[in-house]
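Chemist: Residue numbers (my numbering): 486 to 754.
Here a beta-carbon is modelled for each residue, glycine too, at the ideal position from N, C-alpha and C.
Have a look at this one before I ask anything.
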Amino acid sequence: MAYIALLLVAGLPLQALAAGRALSGRMRGALGVLALMAGAASVWWALESVAAMAGVPLAELDQSTAEAVLAATPLGAVMEWRLTALASVIIAAIVPLKVLRAPVMALAGAVALCSMALTGHAGASEWALHRWADGLHLIAAALWIGALVAFLADALFGKADVEALARFARTGSVVVAVLVLTGAVNTLAIAGLPPVWQSGWTLLLAVKIALFGLMLALAAGNRWRIVPGLVRGEPGAEARLRRSLLLELAAGVGVVAVVAILGVLDPAA
Numbered sequence: 486m487a488y489i490a491l492l493l494v495a496g497l498p499l500q501a502l503a504a505g506r507a508l509s510g511r512m513r514g515a516l517g518v519l520a521l522m523a524g525a526a527s528v529w530w531a532l533e534s535v536a537a538m539a540g541v542p543l544a545e546l547d548q549s550t551a552e553a554v555l556a557a558t559p560l561g562a563v564m565e566w567r568l569t570a571l572a573s574v575i576i577a578a579i580v581p582l583k584v585l586r587a588p589v590m591a592l593a594g595a596v597a598l599c600s601m602a603l604t605g606h607a608g609a610s611e612w613a614l615h616r617w618a619d620g621l622h623l624i625a626a627a628l629w630i631g632a633l634v635a636f637l638a639d640a641l642f643g644k645a646d647v648e649a650l651a652r653f654a655r656t657g658s659v660v661v662a663v664l665v666l667t668g669a670v671n672t673l674a675i676a677g678l679p680p681v682w683q684s685g686w687t688l689l690l691a692v693k694i695a696l697f698g699l700m701l702a703l704a705a706g707n708r709w710r711i712v713p714g715l716v717r718g719e720p721g722a723e724a725r726l727r728r729s730l731l732l733e734l735a736a737g738v739g740v741v742a743v744v745a746i747l748g749v750l751d752p753a754a
């Protein structure tokens, strides 16, 4: 829950910036709700982590123990950064910032999202490049997921924005390049060379790559077949676009689910 909410909190304003679009009142409200959800889910995750570190059930965790563990571990700083950034998203959604609103929300959302690079495998890594690569990977993924949600909302509740779809095709090429390069760095930093091919971690990584390939194939179909069909006014083109965007978003959610599992698995197990 926290993972997908953080991706959207960062991705939706980033997509608005890339498209040169203002954030509507409905979008600002949705981002505020997503920030609240991300904050609540993050607090729950942090408390579960603290309880595990303290060796007690979550129901028996007391305030003094939680404060002591958070102060003594990097988790406390991660939560401070994340919750502050999410609060900034909520404030920016309310305060009349005009042209500054999207940049402020995008920056705050990206900070909240990148706090995830300080946990899991990247957080435990002694290789600083691993954390930077993980942060860039998260931002690129957020931009892609945010664009899919925005385009799908247009297609389902209004009219597909053909110009925005065409413009994002160029941005999408950069996003894919960043995902591939940073994904390679992350995999090398986590699994090393040679990887343990028979491990469950490697099997899940193969599933992630397959889903990523499906997203690429669907995006290519949108760019080279469906969007030109929309421009030509082909019958049924909008329905094909909606189906393609739904499938691409479903594959993206699948990637997020797999990554969430990969983050807590031993690559040799």
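From the DSSP output, in three-state form, read off Lys-644 for me.
Modeler: coil
Chemist: So what does DSSP say about Ser-534, is it helix, strand or coil?
Modeler: helix
Chemist: Measure the C-alpha to C-alpha separation of Ala-487 and Gly-721 and round it to an integer number of angstroms.
Modeler: 36 Å
Chemist: Apply the 10 Å Cβ neighbour rule to Ile-579 and answer buried if 16 or more other Cβ atoms are within range, or exposed otherwise.
Modeler: exposed
Chemist: Sort Leu-747, Ala-704, Ala-742, Val-494 by Cα distance to Arg-728 and report the nearest one.
Modeler: Ala-704
Chemist: Thinking C-alpha only, which one of Val-665, Trp-629, Gly-668, Ala-662 is nearest Leu-650?
Modeler: Trp-629
Chemist: State the Cα-Cα distance for the pair Ala-501 and Ala-632, rounded to the nearest angstrom.
Modeler: One C-alpha to the other measures close to 8 Å.
Chemist: Ordered along the chain, which non-local residues of its own chain (more than five positions away) have a Cβ less than 8 Å from that of Val-670?
Modeler: Answer for Val-670: Leu-614, His-615, Ala-618, listed in chain order.
Chemist: Count the other C-beta atoms from every protein chain shown that fall within 10 angstroms of the C-beta of Trp-686, then say buried if there are 16 or more, exposed otherwise.
Modeler: So Trp-686 counts as buried.
Chemist: Between the beta-carbon of Ser-573 and the beta-carbon of Ala-593, is there less than 7 Å?
Modeler: yes
Chemist: Is it buried or exposed, Gly-737, if we count other Cβ atoms within 10 angstroms and call 16 or more buried?
Modeler: buried
Chemist: Rounded to a whole number of angstroms, what is the C-alpha to C-alpha distance between Ile-711 and Ala-645?
Modeler: 11 Å
Chemist: Would the beta-carbon of Gly-496 fall within 7 Å of that of Leu-568?
Modeler: No, the pair does not count as a contact, with Cβ atoms beyond the cut-off.
Chemist: I need the boundaries of the alpha helix (DSSP H) containing Arg-506, first residue and last residue.
Modeler: From DSSP, Arg-506 is part of no alpha helix (DSSP H); its letter is neither H nor E.
Chemist: Distance, Cα to Cα, Val-665 vs Asp-547?
Modeler: Near 43 Å, if we compare the C-alpha coordinates of Asp-547 and Val-665.
Chemist: Any idea if Ser-658 is buried or exposed, counting beta-carbon neighbours within 10 angstroms, 16 or more meaning buried?
Modeler: exposed
Chemist: If I measure Cβ to Cβ from Gly-714 and keep anything under 6 Å in the same chain, skipping five residues before and after, which residues do I get?
Modeler: Excluding residues up to 5 positions away in sequence, Ala-722 lie with their Cβ nearer than 6 Å to the Cβ of Gly-714 in the same chain.
Chemist: Assign Thr-558 to one of two classes, buried (16 or more other C-beta atoms within 10 Å of its C-beta) or exposed (fewer than that).
Modeler: exposed
Chemist: Quick check: what's the CA-CA separation for Ala-587 versus Thr-672?
Modeler: Going from the Cα of Ala-587 to the Cα of Thr-672 covers about 32 Å.
Chemist: What would DSSP say about Pro-588, mapped onto helix, strand or coil?
Modeler: Residue state, collapsed to three classes: helix.
Chemist: What residues in its chain sit with their C-beta under 6 Å from that of Ile-575, if we drop five residues either side in the sequence?
Modeler: These residues qualify, in order along the chain: Gly-517, Ala-520.
Chemist: Return yes when the Cβ of Val-692 is within less than 7 Å of the Cβ of Val-743, no when it is not.
Modeler: yes
Chemist: Leaving out five residues on either side along the sequence, give the residues of the same chain with a beta carbon under 7 Å from the beta carbon of Ala-536.
Modeler: Pro-542, Leu-543, Leu-546
Chemist: Could you check how far apart the C-beta atoms of Val-741 and Leu-701 are, in whole angstroms? I think they sit under 8 Å.
Modeler: 16 Å between Cβ atoms; not a contact.
Chemist: Using DSSP with H/G/I as helix, E/B as strand and the rest coil, what is Val-580?
Modeler: coil
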